[in-house]
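What follows is a short report on a single structure.
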Amino acid sequence: MNTDSVSVKLDHVTKRFGQFTAVDDLSLAVRAGRIYGLLGPNGAGKTTTIRMIVNITAPDTGRIDVFGQQITSSLQDRIGYLPEERGLYKKMRISEQLRFFAELKSVAGKDIEGRIDHWLARLKLTEWKNKRAIELSKGMQQKIQFIMAILHEPDLLILDEPFSGLDPVNVELLKDIVLDLKAAGKTIIFSTHQMELAEKICDDICLLNRSRKVLEGPLREIKQGFGRNSVSLRIEGSNGILDDPTLITKLEQHSDEVEVLLAPNASAQDLLKKLIAAGVVVTKFEMIEPSLNDIFIQKVSETE
């Protein structure tokens with residue numbers, strides 16, 4: 015798949031509910047074959063944006079294009095959507111629910127059973143195939159809904175808080191599947207406020223806060239743009255060097271090492287030279303790039 019092409023494009027989109035503006039003048043572009051993180055705190059506008067992309071609700075102003083055109087019913091068969099609000103037919107058997115949703119997405123009858131068996135096995139749910147939804151745990155039900163979103167092999171997969179409520183084993187399982195789908199050329203929009211997960215899987219991100227975009231671009235470029243202004247140190251003594259406010263603005267102790275935030279006009283080389291000149295024994299000196307969580311907190315704080 016050509017990763018230079020755009021699967022989803024929003025152009026100055028605004029959505030209001032009465033006096034409340036849920037999404038304010040939002041423009042973004044989701045490149046094909048990549049994982050796009052739609053990030054932000056609760057209430058930032060992520061779910062409303064997704065609902066407009068899948069045509070559950072329409073923007074008040076602006077334009078949304080999916081695969082180069084405005085959304086139609088035929089295009090919706092190319093989209094898989096896992097909503098944040100989960101829900102299955104409680105008394106319906108799992109196999110029947112999966113078959114029903116596959117048919118809604120125009121999957122040929124001869125292909126349905128094979129796909130159901132494949133994904134139930136992949137998500138370790140084979141033995142639950144003929145159980146009723148009410149018999150499954152919440153985590154199991156969530157995995158069934160994930161299968162519903164991918165059973166028709168969509169070109170665009172939209173996941174709204176897909177890992178919420180899952181235990182670490184199942185988080186890792188779903189994460190691996192998402193990465194496999196990307197490797198197969200699928201485009202994925204991944205909405206979350208869990209920055210550590212987003213950092214592991216996203217190629218590009220858009221950070222929303224208070225209904226507006228505050229940051230967008232390739233994750234690698236964004237992290238590089240925030241600079242490497244922290245250093246992880248393991249030293250013996252410091253001779254007061256770490257107390258110098260012209261070098262260090264923040265210090266955090268972590269067991270046998272310390273993490274320091276450099277002052278605006280200081281460099282890591284300045285710090286290292288002064289430590290060595292003072293006779294400090296340095297056994298670790300490592301530049302630390304800011305985490306996505308650090309960037310998230312900084313940008314959200316700037317817009318509060």
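Residue 318, in this note's numbering, is where the sequence shown stops; the numbers in between run on with no holes.
Even glycine gets a Cβ: it sits at the ideal position worked out from N, Cα and C.
Every value quoted in this text rests on a predicted model; they were computed, and no experiment measured them.
Query, Result
"Cutoff 6 Å; reference proline 97; Cβ partners in own chain excluding five residues on either side", "Asp174"
"Limits of the unbroken alpha helix (DSSP H) element including histidine 268", "Note, histidine 268: premise wrong, no alpha helix (DSSP H); beta strand (DSSP E) at 262-268."
"Given methionine 66 as reference, the closest of Arg48, Asp79, Asn56, Gly293 once Cα atoms are compared", "Asp79"
"Inter-residue Cα distance where the pair is leucine 282 and glycine 82", "The displayed chain sequence assigns alanine, not leucine, to residue 282. If you take the alpha carbons of alanine 282 and glycine 82, they lie about 47 Å apart."
"Proximity to glutamate 271 [Cα-Cα], best of Arg248, Asp284, Leu256, Ser252", "Arg248"
"Beta-carbon contacts of glutamine 90 that lie in its chain and below 8 Å, excluding the five residues immediately before and after", "Val68, Asn69"
"Bounding residues of the alpha helix (DSSP H) (the contiguous stretch that carries arginine 45)", "Not the alpha helix (DSSP H): arginine 45 falls in the beta strand (DSSP E), residues 34-45."
"Methionine 106 - DSSP class collapsed to helix/strand/coil", "coil"
"Anticipated Cβ contact below 8 Å, cysteine 40 with lysine 227, distance rounded", "Strictly speaking, residue 40 in this sequence is leucine, with cysteine absent from that position. With 8 Å as the limit, leucine 40 and lysine 227 qualify as a contact, their Cβ atoms being about 6 Å apart."
"Member of Leu285, Val245, Ile255 whose CA lies at the smallest distance from the CA of histidine 268", "Val245"
"Closest by C-alpha distance to threonine 140, when choosing among Ile130, Leu102, His166, Ile148", "Ile130"
"Backbone secondary structure at histidine 232 - three-state DSSP", "The sequence shown places proline at residue 232, not histidine. Correct three-state label for proline 232: strand."
"Continuous alpha helix (DSSP H) stretch holding phenylalanine 160: start and end", "152-164"
"Best match in Ala36, Glu167, Asp190 for proximity to tyrosine 95 [C-alpha to C-alpha]", "Glu167"
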